[in-house]
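To start, the structure itself, in structure tokens.
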Amino acid sequence: MSSFTLGHFSQVCSQLLNHYYGEIVGQVGSYLLRRGNRMLTDIRTATGLSIREVKKALAVMIQHNLVKFQASERNNIVAEYSMMHHNVYCLIRYPKYLYMIKRIYGTSEEILLEILLNLGQASASNVIFHSANRLNEANDSEVLSPSALHQSFQRLAQDNFIIRCPKLAENATLLKVPTLEIEEKEKFAVPNVEIEPIARMLKEKATQLGGHCDSEIIWRVNHERFDIELRNVILVNAAARRVDTTAGELYHLILKLWRESSNPDSPATTPVSYNVIKDAVRKNDSSPILLEHFDHYLRVLHEDSAGLIDKPGDAGGGQFNLDYSKVFENLACASLDSIVLERFGSKALRLFRLTRIQKFMEQDQMQNVAMIPAKEAKMFTYKLLEHNFLQIKELKKGTSNFAPVKSFILYHVDLPQVVRTVLEASYKGLFNAMVRQMHDLTENKRLLEKHAMLESMLERLKGDDGVPEEEIAELSDTMHPAEKSLVEKIHLMSDNLTLGQTQADETILILESYLKFKSKEL
Amino acid sequence: MVSKIVIKKEKVDDARPGPSVPRDDDMTEIEARILELLREYPKGINDKILETHMSNLDKQIQIIVLNRLLKEKKVYMFKAPVTNALFWCLNEQPASIKLKGVDKEENAVMRIIEEAGNKGILNKDIRDQSGLNLTAINKILKALEGKELIKSVLSISVAKIKVYMLFDLEPDRSVTGGSWYTDGEFESELVDIVNQQCYRMLQQKAEAARLKAMDGPLIVRNASFLSSKEMCQMISDLNIVKFNLTVEEIEAILETLVYDGKIEMRMVSDGDEKIKTYRTVETLLSSAAIVRIPCGVCPVIEKCGTVGEVQPKNCAYYDQWLD
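Taken in order, these protein sequences are the chains called A and B.
For what it's worth, the numbering used here labels the leading residue of the first sequence as 34, then goes sequentially.
For what it's worth, the numbering used here labels the leading residue of the second sequence as 2, then goes sequentially.
Below, the structure is given as structure tokens:
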């Protein structure tokens with residue numbers, strides 16, 4: 034069960050499962066990541082766990098949308114289980130989801146989403162109930178009414194952040210292995226939720242909502258929608274860097290219009306006309322500069338070489354759309370450029386960009402156009418070649434059958450290949466950061482536990498009024514100040530590593546999106 | 002490059018006054034015609050050609066005229082290698098002190114060098130064209146250099162090999178590499194200085210343009226462009242280089258900045274001609290986020306794993322970064 038047989042992406046997933054769900058789920062998950070579709074009995078024999086443990090692990094993962102099942106092809110009374118790779122990877126993005134929802138909507142939506150993420154799959158009433166409980170615990174003064182939460186829930190569903198899970202198909206009870214399906218129009222339809230039972234349960238301070246009318250309609254988080262939102266953040270930042278912040282605002286609005294009218298899976302959005310954009314800007318109450326120079330902003334964004342806006346036609350004052358493959362190609366190239374710059378230096382960057390833009394170059398040409406001394410140019414070229422950023426193509430010249438034939442050696446950048454290499458390296462970096470974090474925490478586990486215990490005791494004592502000051506002081510002295518500062522340092526290191534993981538994830542998103550849209554366009 | 006030899010017709014010196022032989026007018030005419038024929042056939046004429054062209058010539062007179070021309074060194078005679086027939090060839094070199102001893106070889110070499118013009122010619126090529134051997138060539142070249150008739154120039158295209166050309170000629174740009182090369186060495190510091198200067202100028206222009214932000218982004222963008230001619234002028238005004246740089250050279254520098262990703266180029270048509278204008282651009286990302294963790298820039302990332310020397314648990318780069 035060693036990791037060397039897993040690719041870097043799967044290693045990351047397995048580490049995440051171990052971290053968030055524990056070792057048993059981690060073991061089952063790793064096995065499925067390595068082997069693909071497997072039946073229950075296979076999993077049991079391979080992992081050596083008891084059948085009850087395996088069943089529980091699978092149940093947990095299915096509940097959290099990490100595993101799916103289907104009837105085996107060879108024997109359709111037995112189910113085969115397989116991992117949903119992307120959903121497992123998205124575990125690392127949950128904090129980002131919460132932050133985004135908080136920024137776009139507010140606290141109550143954030144709590145709703147948090148509860149839903151914790152439960153995996155749940156009905157609307159359940160989610161509302163638990164969120165109300167949570168909010169009431171945190172905030173004793175106000176009591177939030179469930180109907181307000183219901184409206185928040187509806188808002189989330191309208192913007193497609195949550196989606197309904199497929200339900201049992203009609204003929205499901207006839208088959209041994211049930212199939213699940215859902216119709217397109219029902220995906221985001223919020224059912225009627227009865228508020229009174231929930232309010233009643235809340236008053237009684239119950240911990241569980243009993244049976245309720247919409248318990249058959251189950252919701253989960255819509256990962257694709259969050260991915261789109263994360264991508265949009267990157268695009269808006271790029272637009273703001275290229276032009277200025279007002280252009281960023283305009284671009285944000287246009288992205289929203291595109292998202293509402295297009296199919297999320299298509300490689301290019303449907304075109305939106307000039308008039309529609311102008312109306313949206315006016316309705317949105319944007320900054321006065323944007324209103325005044327709306328034409329100019331649109332034109333500057335459109336003419337920018339990054340491909341942020343494309344103009345396929347002139348109907349209705351101008352049709353504008355976004356070609357994902359082109360814009361993500363530019364973003365992926367920008368990422369690669371930055372990596373080459375940091376690893377090898379600016380001269381290497383010049384050579385890399387030169388070869389990429391000119392497609393095929395010979396060594397001598399490269400050194401002349403880039404105006405870099407010959408020796409250095411050769412050194413950087415070979416370094417880039419060694420790390421697979423450049424590739425070689427040999428063309429033979431001369432057709433002599435006798436003499437050794439000289440050949441042209443041309444350098445070029447095979448972009449998909451380089452992106453894949455860097456993507457693997459990014460997964461590896463992410464995995465390393467996680468391993469390092471885990472290692473730091475387990476090494477100092479005793480110390481951290483002692484510190485946590487001390488803190489909780491101090492809290493409790495401070496709550497009780499009758500305890501004299503000296504006891505509190507004495508208690509806090511049981512921990513050496515050096516130990517305290519060490520604990521501080523460990524916490525800081527752990528935070529840095531978490532931040533590092535988030536940043537690695539950002540690069541991974543860009544590179545993955547490029548590969549995804551490139552394969553779609555072909 | 003061995004091009005077909007086109008022997009340049011040098012001005013022939015006037016005949017030195019020597020013991021004059023009483024000439025007939027006929028003789029002069031015949032002489033003139035023979036000289037004409039010789040010019041027509043630079044490779045040489047023999048009996049047969051003389052017969053066909055001047056059939057009415059008396060053999061005796063022919064011999065007398067040719068002998069005279071030979072003595073006056075206006076023609077010279079040689080035997081064809083195979084047939085052993087006699088050939089006469091117009092002697093193009095002016096009768097000067099160059100003509101002595103190893104004349105012919107030196108002349109041949111001089112001729113070859115002259116043809117090469119201001120691009121110069123390689124040692125090897127001289128050897129190929131004249132058919133002489135290495136030591137002879139070297140001796141001749143040294144002698145000619147000593148007499149200050151030719152000079153050698155370091156060529157950049159063939160990696161520090163000397164080319165030879167006539168003393169008075171200016172070497173061509175392709176040989177010396179233009180302003181960026183001195184003595185065959187590429188001046189990278191000069192290139193860097195000019196590079197930074199150009200980028201700074203463009204940045205200043207962009208800053209000035211941003212002050213007009215109230216007029217809208219189109220005005221800001223258009224105001225931040227500079228054309229290559231303007232930049233050339235500004236660089237010359239700054240006087241960082243002793244000689245003037247041409248517009249092409251500035252464009253070459255600006256192209257390297259485009260390849261650095263710092264500026265972009267746009268062709269603008271100004272009346273009839275198209276001129277290149279440049280402005281600074283921001284990259285799409287401030288930096289790829291992965292480079293902010295040690296693994297993104299680690300030189301040994303390929304050797305890293307869960308076992309072995311290089312592990313994230315005891316990685317020195319992480320230790321440094323987390324402190």
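By construction, the Cβ of each residue, glycine as well, lies at the ideal position given by its N, Cα and C atoms.
Review point. Rounded to a whole number of angstroms, what is the C-alpha to C-alpha distance between F37 (chain A) and Q48 (chain A)?
Key: With a pLDDT of 46 at F37 (chain A), under the threshold of 50, the predicted position of this residue should be treated as unreliable, though the coordinate-derived value follows. Rounded to whole angstroms, F37 (chain A) and Q48 (chain A) show a C-alpha spacing of 13 Å.
Check your understanding: Under a Cβ-count criterion, where at least 16 other Cβ atoms within 10 Å of its own Cβ denotes burial, should K60 (chain B) be classed as buried or exposed?
Key -> Exposed: under 16 other Cβ atoms inside 10 Å.
Check your understanding: Quick one: which chain B residues come within Cβ less than 7 Å of G378 (chain A)?
Key -> For G378 (chain A), none of the residues of chain B pass the 7 Å Cβ criterion, the least Cβ distance being about 11 Å.
Review point. Buried or exposed: where does G350 (chain A) fall if 16 or more other Cβ atoms within 10 Å of its Cβ makes it buried?
Key: G350 (chain A) should be labelled exposed.
Review point. Do you know how far the Cα of L480 (chain A) is from the Cα of E516 (chain A)?
Key: Approximately 8 Å between the Cα atoms of the pair.
Review point. Can you pull the DSSP bridge partners for W89 (chain B)?
Key: DSSP output for W89 (chain B) lists B:I46 and B:M78 as bridge partner(s).
Point to revise | Same chain, Cβ closer than 8 Å to K213 (chain B), five either side skipped, listed in chain order | key: So the list reads I220, V221 and A224, once near-sequence residues are dropped.
Review point. Mind listing which residues of the segment 214 to 229 of chain B have their C-beta closer than 9 Å to chain A's C-betas, in chain order?
Key: Going along the segment 214 to 229 of chain B in chain order, one finds A214, M215, D216, G217, P218, L219, I220, V221 and R222 with a Cβ nearer than 9 Å to chain A.
Check your understanding: Pick from A:I57, A:M234 and A:I442: whose alpha carbon is nearest that of R85 (chain A)?
Key -> The option with the nearest alpha carbon to R85 (chain A) is A:I57.
Check your understanding: At what residue ranges does the segment 310 to 367 of chain A contain a whole run of the beta strand (DSSP E), taking only runs of 3 or more?
Key -> Qualifying beta strand (DSSP E) stretches, in chain order: 343 to 346 and 352 to 354.
Review point. Should V22 (chain B) be labelled buried (16 or more other beta-carbon atoms within 10 Å of its own) or exposed?
Key: Only weak support exists for where V22 (chain B) lies, its pLDDT of 46 falling under 50; the value from the coordinates is given anyway. Counting the other Cβ atoms within 10 Å of the Cβ of V22 (chain B) gives fewer than 16, which makes it exposed.
Check your understanding: Going along the chain, which unbroken runs of the beta strand (DSSP E) with 3 or more residues stay wholly within the segment 238 to 273 of chain B?
Key -> 264 to 271, all fully within the segment 238 to 273 of chain B.
Check your understanding: If you drop the 5 nearest sequence neighbours on each side, which residues of the same chain put their C-beta closer than 8 Å to that of K230 (chain B)?
Key -> So the list reads V248 and I276, once near-sequence residues are dropped.
Check your understanding: Is the CB of G533 (chain A) under 7 Å away from at least one CB in chain E?
Key -> Looking at the structure shown, chain E is missing, and the protein chains on hand are A and B.
**Study point:** Spatial neighbours of P224 (chain A) in its chain, beta-carbon cut-off 6 Å, leaving aside the 5 residues before and after
**Key:** Apart from sequence neighbours up to five positions away, the residues of its chain that approach P224 (chain A) with a beta-carbon distance below 6 Å are D247 and I250, ordered along the chain.
Exercise for review: Using a Cβ-Cβ cut-off of 7 Å, state whether A222 (chain A) counts as contacting chain B.
Suggested key: Output row for A222 (chain A): interface = no.
Exercise for review: Please classify L150 (chain B): does DSSP put it in a helix, a strand, or coil?
Suggested key: Look at L150 (chain B) here: in three-state DSSP terms it is coil, with no helix or strand label.
Point to revise | Option in B:K304, B:R293 and B:S288 with minimal Cα separation from A365 (chain A) | key: Comparing alpha carbon positions, the residue from B:K304, B:R293 and B:S288 closest to A365 (chain A) is B:S288.
Exercise for review: Report the residues of the segment 53 to 73 of chain A with a CB closer than 7 Å to any CB of chain B, ordered along the chain.
Suggested key: Taking 7 Å as the Cβ-Cβ cut-off against chain B, none of the residues of the segment 53 to 73 of chain A qualify.
Exercise for review: Kindly say whether D320 (chain B), judged by its beta-carbon, lies nearer than 7 Å to any beta-carbon of chain A.
Suggested key: Chain A has no Cβ within less than 7 Å of the Cβ of D320 (chain B).
Review point. What is the rounded straight-line gap between the Cα of D216 (chain B) and the Cα of F327 (chain A)?
Key: Cα-Cα distance, rounded: 12 Å.
**Study point:** Option nearest Y284 (chain A) by Cα separation, candidates A:T388, A:V305 and A:P300
**Key:** The shortest C-alpha separation from Y284 (chain A) is found at A:V305.
Check your understanding: If contact means a Cβ-Cβ distance below 9 Å, which residues of the segment 318 to 339 of chain A contact chain B?
Key -> Of all residues in the segment 318 to 339 of chain A, those with a C-beta nearer than 9 Å to a C-beta of chain B are I322, E325, H326, D328, H329, Y330, R332, V333, L334, E336, D337, S338 and A339, reading in chain order.
Check your understanding: Under 7 Å, do T540 (chain A) and I302 (chain B) count as touching if we go by C-beta distance?
Key -> No, the Cβ-Cβ distance between T540 (chain A) and I302 (chain B) is not below 7 Å.
Practice item. Please check if any C-beta of chain A sits within less than 7 Å of the C-beta of A289 (chain B). Key: Closer than 7 Å: yes.
Check your understanding: Residues in its own chain within less than 8 Å of G462 (chain A) by CB, not counting five upstream and five downstream?
Key -> In chain order, A537 place their CB closer than 8 Å to the CB of G462 (chain A), counting only its own chain and leaving out the 5 sequence neighbours on each side.
**Study point:** Pair within 7 Å by beta-carbon distance, P321 (chain A) and F187 (chain B)
**Key:** With contacts defined as CB atoms closer than 7 Å, P321 (chain A) and F187 (chain B) fail to qualify as a contacting pair.
Check your understanding: In this structure, does DSSP put H245 (chain A) in helix, strand or coil?
Key -> The answer is coil: DSSP assigns H245 (chain A) none of H, G, I, E or B.
Point to revise | Residues near A90 (chain A) in its chain [Cβ-Cβ closer than 7 Å; skip 5 each side] | key: So the qualifying residues of the chain are I57, V58 and V61.
Point to revise | Sub-7 Å separation of S358 (chain A) and F550 (chain A) beta-carbons | key: The answer is yes: Cβ separation under 7 Å.
Check your understanding: Do you know whose CA, among A:D260, A:N108 and A:K478, lies nearest L131 (chain A)'s CA?
Key -> Of A:D260, A:N108 and A:K478, the residue nearest in Cα terms is A:D260.
Check your understanding: Which stretch, first to last residue, makes up the alpha helix (DSSP H) that contains E482 (chain A)?
Key -> Taken as a continuous stretch (DSSP letters only), the alpha helix (DSSP H) holding E482 (chain A) covers K478 to G496.
**Study point:** chain A contacts from the segment 270 to 299 of chain B (Cβ-Cβ distance under 9 Å)
**Key:** Under the 9 Å Cβ criterion, the segment 270 to 299 of chain B contributes V282, E283, T284, L285, L286, S287, S288, A289, A290, I291, V292, R293, I294, P295, C296, G297, V298 and C299.
Practice item. Compare the C-beta of L542 (chain A) against all C-beta atoms of chain B and say whether one is closer than 7 Å. Key: Taking Cβ atoms only, chain B never reaches closer than 7 Å to L542 (chain A), which makes this a no.
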